[in-house]
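>
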Amino acid sequence: MDEPFTPHNELEHKLIAAQQGTLASDTFMHDLLEAQVFMPVKDEPNQIQGFQRSTKAIPLTLTNDDGDSTLMLFTSPERAKPFVVDFPDYRGGLLVDFSWVLGRIGSGIAASINPGLEFGIDLDPETVEQLIHLNSERNPPETSPPGPPAP
Numbered sequence: 016m017d018e019p020f021t022p023h024n025e026l027e028h029k030l031i032a033a034q035q036g037t038l039a040s041d042t043f044m045h046d047l048l049e050a051q052v053f054m055p056v057k058d059e060p061n062q063i064q065g066f067q068r069s070t071k072a073i074p075l076t077l078t079n080d081d082g083d084s085t086l087m088l089f090t091s092p093e094r095a096k097p098f099v100v101d102f103p104d105y106r107g108g109l110l111v112d113f114s115w116v117l118g119r120i121g122s123g124i125a126a127s128i129n130p131g132l133e134f135g136i137d138l139d140p141e142t143v144e145q146l147i148h149l150n151s152e153r154n155p156p157e158t159s160p161p162g163p164p165a166p
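Spelled out as structure tokens, the structure:
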């Protein structure tokens with residue numbers, strides 16, 4: 016029998032509230048932009064324990080029968096453990112700001128937070144695009160300070 020879902024962090028409390036209708040979905044989405052998520056990443060073969068040589072993390076992304084890709088994310092590393100058992104190459108992971116993920120995700124990608132768990136959320140590619148846009152409005156790219164006028 017599955018254990019009941021007991022929230023372990025603020026994001027999980029907000030996710031439950033949103034799914035139970037006590038937190039508006041727009042408010043949850045804005046809060047999600049401020050939250051940290053756990054992103055499983057592929058381990059390197061023959062790595063030194065706890066040391067990643069590569070500078071490029073390969074996140075756990077699954078492709079459905081239609082060829083659509085979904086990035087797997089979790090509200091904490093503990094929530095990912097049962098899921099990644101089926102993906103032994105993805106024992107590592109990064110705890111990152113969701114806004115950081117959005118800044119690096121490509122277009123046409125869906126995201127699933129806590130897939131297979133009682134309290135999770137699936138974000139279709141259009142919703143991910145909207146969040147990317149909202150995130151870029153909140154955090155515009157840094158611009159260089161103005162230089163001297165051109166001669």
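Per our numbering, the sequence shown runs over residues 16 to 166. The beta carbon of each residue, even a glycine, is placed where N, CA and C say it ideally should be.
1) In angstroms with no decimal places, state the Cα-to-Cα distance between MET54 and LEU110.
2) In chain order, what residues of the same chain lie with their CB nearer than 7 Å to the CB of GLN34, ignoring the 5 residues before and after it?
3) What are the start and end residues of the beta strand (DSSP E) that includes LEU132?
4) Compare the C-alpha of LEU149 against each of VAL100, LEU132, GLY118, ASP139 and name the closest.
5) Going by DSSP in three states, THR78 sits in which element: helix, strand or coil?
6) Only counting the same chain, and skipping five residues up and downstream in sequence, which positions put a Cβ closer than 6 Å to that of GLU49?
7) Within the chosen definition, does the region 76-92 reach the region 128-145 through at least 3 CB pairs nearer than 8 Å?
8) Taking only three categories from DSSP, how would you classify MET16?
9) Hey, which unbroken runs of the alpha helix (DSSP H) at 4 residues or more fall wholly within the region 92-134?
10) What is the DSSP secondary structure of LEU30, counted as helix, strand or coil?
11) Quick one: what does DSSP say GLN145 is sitting in, helix, strand or coil?
12) Considering just the uninterrupted stretch of the beta strand (DSSP E) at LEU86, what are its terminal residues?
13) Could you check if VAL100 is buried or exposed, using at least 16 other CB atoms within 10 Å of its CB as the buried criterion?
14) In whole angstroms, what is the alpha-carbon distance linking THR142 and GLU18?
Let me lay it out:
1) Rounded to whole angstroms, MET54 to LEU110 spans 6 Å at the Cα level.
2) Close CB contacts of GLN34 within its chain, under the 7 Å cut and outside five residues either way in sequence, are with PHE134 (chain order).
3) Counting along the chain, LEU132 falls outside any beta strand (DSSP E), and DSSP gives it neither H nor E.
4) GLY118
5) strand
6) none
7) yes
8) In this prediction, MET16 has a pLDDT of 44, which is less than 50 and means its spatial position is unreliable; what the coordinates show is noted afterwards. Looking at MET16 - three-state DSSP - the assignment turns out to be coil, as it is neither helix nor strand.
9) 92-99, 113-117
10) helix
11) If DSSP states are grouped into helix, strand and coil, GLN145 belongs with the helices.
12) 84-88
13) exposed
14) Approximately 30 Å between the Cα atoms of the pair.
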